[in-house]
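Below is one structure; the comments refer to it alone.
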Amino acid sequence: MTAPVRSALRRSTLTRHAACAALALAALYALTTAAAPYRDLQIAQAAYLTCAVAGLTVLTGLGGQISLGHGAFMAVGAYTAALVIGHWGWPLAAVLPAAAGATAAAGAVVGAVAARLHGPYLAGATLAFAVGLPGLANYEPLTGVLGGQNGLTIVPPVPPAALGEAFPLERWQAWICCLGAVVTLFLLANLTRGRFGRTLRASRDDEIAAALSGVRVARLRIAATVVSAACAGLAGGLLAVVATLAAPGAFPLTLSLQLIAAIVIGGLGSLPGAVWGALILVYVPTWAADLSSSSGLSHDIASNLPLAIYGLVLIVVTLAFPRGVQGGLRDLGGAVRRRARGRRDRAPGPRAPAPSDTSGPTTTHPGGADEATPDEAGARPDDRGDAGGRGERLRR
Amino acid sequence: MKRPRTRRALALTTAVTLAAAASGCGGDGGGGGSAAPGVTATTVTIGSHQPLTGPAAPGYSANSAASKAFFDYVNANGGVHGRKIVYRYVDDAYNPTQTVSVTQKLVLQDKVFAIFNGLGTPTHSKVVDYLNAQRVPDLFVASGCGCWDRPDEHPQTFGWQVDYIREGKILGDHVKKAYAGKKVAYFFQNDDFGQDGVKGLDKYIPKDQVVSRQSYQPGSTDIGAQAQAIAQSKADVVVMFSIPTYTALFRLASLKLNFQPTFVVSNVGSDPITLTGLLESFAKKGGSEVEGSPLIQGMVTDGYLAAPGDAANSWTALFKRIHGQYIPKLPFNGNIVYGMSVAYTFVQALQAAGKNPTRKGIVEALEKSRFTGPGVVPFAYGADSHAGYTGAVIGTIKGQNVVPQGQPLTTDDGDGPIQPYTAPQPQAPAGGVPAAG
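Order-wise, the sequence lines are chains P and W. Using this note's numbering, the first residue of the first sequence is number 22, and each one after it goes up by one. Using this note's numbering, the first residue of the second sequence is number 144, and each one after it goes up by one.
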């Protein structure tokens, strides 16, 4: 990268994020084109879950508001998409924003209620939402519209004719979802870098101090819920397009809990962590199911084993990386960097400049999307940094 | 504070790329260059979605194990045209959304030759379009929905068991004749399964005789309100189109309400051994001890296969032998007979598809077939019909068996008449493996 480009990237958050998004899209394009159809479907699943997890990351990781109701927000998005496609036959480019929009409206209602609640009260309120809402599909007067337990079937999206006759549907679905995920991450990254993210973190860390500094905490929290719900709604809409189905069985309470697990495992408050979380949600259960079906165990054990393995993996990841996968990678990156610098420092001649402009060998970033300053200080250890710690930094 | 931003941005990119890369690794199981997916020189791989966990698992989770045992038996006896049948069945928890994803996996990643006996109406109806679009033979859906019999729309899909409309007609005719003038209540699963059954019932049971119609949603186990409503209607006969879990729940609820009507239960929800086990385990969870078997005595139901308790029947003897050899730990009940019977029909179909089976070939062979097997009535298979068994025989639960009453009856899924079928049930082949043909 030439110096002017680099400095331009540094100067503008927007340009930098746009460049990242473009890079990600290019990488995903290459990947989805190379992958077999089933892999494409898994990529699509990981992509729509990324949307939901990233939205929840903003609400819970940055805003400190816990939501056990995000599965229900996804259901709102999925049903909106199914109804809009079924009744009006809109194109996808209109269906998905409609799903996000309708869910954002639902988020505004929930947010208005939740803004005055904290901790367990908030968890309880959103839990009720998650339990109750999918049940609406089975509510007698609505079964005609929502299709009851059977759900609503969606016509699969047809790949544009320009792509050729034999273009696989799965790749098209993966493209739609990946685009959704990249756009979501791009928008959220910009949002959280700006005033919104700053005030959100401030109100999370000390509500009273934030209020004294002029932050209108309740309004901010409603806004965070709306943003987060819109992401979940988009995820739900994408899920409906991939599964070609919106049914209550897709949105059990466990989905909401899994989304929470994903943000914790990925790395609380970091957007790249959301990607890790979504990947774990998609791949660990598949892997566990394959493992148990090839294990040759008795019928009853084999069919219940995947859940147990899944739980075990979650526990192990949480123990090994207390600050999530992203946190763990960041620590690892920091350690490698310090080691490299230590070696350079021992070499004769003047002290080498801080190597952070090379961004380190693993290119993980030192701070979560949430904390820049204290992390930066912590990430630049003293000369003998390799002895100075294993990346455990003080937070807040 | 510029640097962390750069790194963060790079990290985001890396994460996405790595994420993408992680999902990209792992090869796809290639078909090995043979004519049809899933067929090699030595194997034929087929797949299925089954409720191994979730609300429909009690009872039905034995079906696939029984089919597997029968295939193992056939494989041990030389397989079909020298090929062994590899049967992959995966759990969908009776949840339509999971059915979609596991079926996609079977078709796209495991590259199965056919989907065999995918279980459930609400579940399988979500993948039937997909399977037909992918031209995967969708054989012998484990559900009696009339919707599998649409050869124009779904040329790859075949039903197997008697469909719920036919079954509803036969049960409805029986109720009309045996309980003339009595008050009747319906308890049914509120999806295509129960609704089809009710459609058949309504063709025979007069409207003014039906005093209450209550439905349930699979997934919710609270059916107290429905039981209360039916008990209050003082019905003399309760006709149930329910899966075993809900038959048992309703029976316990009516016990609690001291409500003692005559129960008429559709075939899929009436296996005596499954019901006995469920009644006892549900009662135990509720903190009381009941003896399951007395609660189901005298229940009226219908059947189209060999009765598990009929030791004189050659099919029961054959299946019991295979059961003892391969899956002795599972109770020998109607689900085992079902799973082995449907596997028997599949082996017949695969034999009929010839030495080098193709997806197209097996579908055409089925349309031309005149299979006889463990059923008491004939199949309806033909170029213009993909429906399975065409009728059933009314029976009553006595002990742990369903004792047939009268002759098998056949009918269609429209307004056609119900007719007795007089040909005797064919004998099982001595070796247990259907003759090639």
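Just so it is clear, CB atoms sit at the ideal spot from N, CA and C, and this is done for glycine as well.
Between Pro194/W and Tyr237/W, the CB-CB gap stays under 8 Å.
Among the residues facing chain P, Ser191/W is not included, as its CB has no counterpart in that chain under 8 Å away. Listed along chain P, the residues sitting closer than 9 Å to Lys269/W by beta-carbon distance are Asn171, Gly172, Thr174, Ala264, Thr265, Leu266, Ala268.
Among the CB atoms of chain P, one or more fall inside 8 Å of the CB of Gln252/W.
For Ala102/P, no CB of chain W lies under 8 Å from its own CB, so it is not counted at the interface with that chain. If you check the CB distance, Gly525/W and Gln491/W do not come in under 8 Å. Between Leu266/P and Thr240/W, the CB-CB gap stays under 8 Å.
For His38/P, the enclosing alpha helix (DSSP H) covers residues 34 to 55.
Restricted to the segment 423 to 484 of chain W, the alpha helix (DSSP H) segments that are unbroken, complete and at least 4 residues in length are 435 to 439, 457 to 469, listed in chain order.
According to DSSP, residue pairing for His192/W in a beta bridge involves Val233/W.
The segment 251 to 269 of chain W makes contact with the segment 282 to 289 of chain W; the number of CB pairs closer than 8 Å reaches 3 or more.
Between the beta-carbon of Gly254/P and that of Ala121/P there is about 5 Å, and that keeps the pair under the 8 Å contact cut.
Residue state for Arg344/P is assigned as coil, using DSSP reduced to three classes.
In this structure, Ala328/W keeps its C-beta atom at 8 Å or more from the C-beta atom of Ser363/W. Between Tyr69/P and Leu260/P, the CB-CB gap stays under 8 Å. Runs of beta strand (DSSP E) with 3 or more residues, each lying fully within the segment 211 to 270 of chain W, are found at 227 to 234, 257 to 259, listed in chain order. Under a criterion of Cβ atoms nearer than 9 Å, no residue of chain W is adjacent to Ala144/P; the nearest Cβ is some 24 Å distant. In the DSSP assignment, Phe331/W falls within the beta strand (DSSP E) that extends over 327 to 332. At the C-beta level, Gly538/W and Gly446/W come within 8 Å of one another. The alpha-carbon separation between Lys399/W and Met95/P amounts to approximately 40 Å.
Closer than 8 Å at the C-beta level to chain P, one finds these residues of the segment 344 to 365 of chain W: Gln360, Pro361, Gly362, Ser363. By the rule that beta-carbons nearer than 8 Å mark a contact, Ala182/P does not touch chain W. Residues of the segment 386 to 410 of chain W with a C-beta less than 9 Å from any C-beta of chain P: none at all.
Here Tyr160/P is exposed: its Cβ has fewer than 16 other Cβ atoms, across all protein chains shown, within 10 Å. Out of Glu507/W, Val233/W, Thr183/W, Leu493/W, the CA that lies nearest to the CA of Pro306/P is found in Val233/W. The beta carbon of Ala282/P sits closer than 7 Å to the beta carbons of Leu335 from its chain, once the five residues preceding and following it are set aside; these are given in chain order. Excluding the 5 residues flanking it on each side, Pro180/P has same chain C-beta neighbours closer than 6 Å at Phe188, Trp193, in chain order. Rounded to whole angstroms, the separation of the alpha carbons of Ile348/W and Cys72/P is 53 Å. Nearest CB-CB separation between Pro239/W and chain P: below the 8 Å threshold.
Taking a contact as a CB-CB distance under 8 Å, the pair Phe384/W and Gln299/W does not count as one, their CB atoms being some 27 Å apart.
Closest by C-alpha distance to Ala323/W, out of Asp339/W, Asp351/W, Ala454/W, Lys503/W, is Asp351/W. The C-alpha of Gln304/W is placed about 32 Å away from the C-alpha of Ala368/W. Taking a contact as a CB-CB distance under 8 Å, the pair Val545/W and Pro415/W counts as one, their CB atoms being some 7 Å apart. Under the 10 Å beta carbon count, Asp227/P is surrounded by fewer than 16 other beta carbons and is classified as exposed.
Residue burial is scored here from C-beta neighbours: Thr147/P has at least 16 other C-beta atoms within 10 angstroms and is therefore classed as buried.
Under DSSP, Asn544/W takes part in a beta bridge, and its partners are Lys541/W.
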